[in-house]
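Heads up: the structure comes next, in structure tokens.
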Amino acid sequence: MIRWKSTKYKMMIMELIEGLVLVDELYSPAGDALGEKDLVAMVKEVFGEDISNYQQLREQFFDRKRELTPFLKRMIAAILKEADNRCGWRRKN
75 MIRWKSTKYK
85 MMIMELIEGL
95 VLVDELYSPA
105 GDALGEKDLV
115 AMVKEVFGED
125 ISNYQQLREQ
135 FFDRKRELTP
145 FLKRMIAAIL
155 KEADNRCGWR
165 RKN
């Protein structure tokens with residue numbers, strides 16, 4: 075069992091799910107693109123979190139006014155910082 079630091083972890087998961095759906099990168103063994111319902115089921119299996127209201131969360135996600143993807147931006151910033159620390163990747167200014 076895992077615990078999320080944030081109380082808004084379901085919206086964080088929706089950011090991940092929407093990103094994966096929209097980049098059309100994950101497919102089933104039968105060759106079908108995985109949709110939100112498939113990924114929600116995977117989240118339940120892997121993280122033990124039931125997001126049965128994912129359609130409602132998706133609407134809230136796309137209705138955000140200030141920042142659409144704060145969790146994904148934090149992840150990207152952390153990865154870039156770690157890459158810079160390892161000197162394996164440098165951004166050009």
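Residue 75 is where the sequence shown starts when you use my numbering, and the numbers rise one by one after that.
Using N, Cα and C, we set each Cβ at its ideal position, and we do this for glycine too.
In whole angstroms, what separates the C-alpha of residue i from that of residue j?
i	j	result
I125	V95	16 Å
L142	D158	26 Å
R77	A152	20 Å
K79	G105	35 Å
R160	K147	20 Å
F139	F121	Sequence inspection shows Lys at residue 139; the Phe mentioned does not correspond to that position. Spanning the two alpha carbons is a distance of roughly 28 Å.
E99	F135	21 Å
A107	V117	16 Å
Verify whether the separation of the beta carbon atoms of residue i and residue j is less than 7 Å.
i	j	result
F145	E89	yes
Y101	V114	no
From the DSSP output, which residues share a beta bridge with residue i?
i	result
Y101	A107
Quick check on residue i: does DSSP put it in helix, strand or coil?
i	result
E137	Going by the sequence as given, residue 137 is Asp instead of Glu. Note: D137 maps to coil in three-state DSSP.
L142	coil
On the premise that residue j lies in contact with residue i, defined as a C-beta separation below 8 Å, what is that separation, rounded to the nearest angstrom?
i	j	result
K84	L131	6 Å
I87	E123	7 Å
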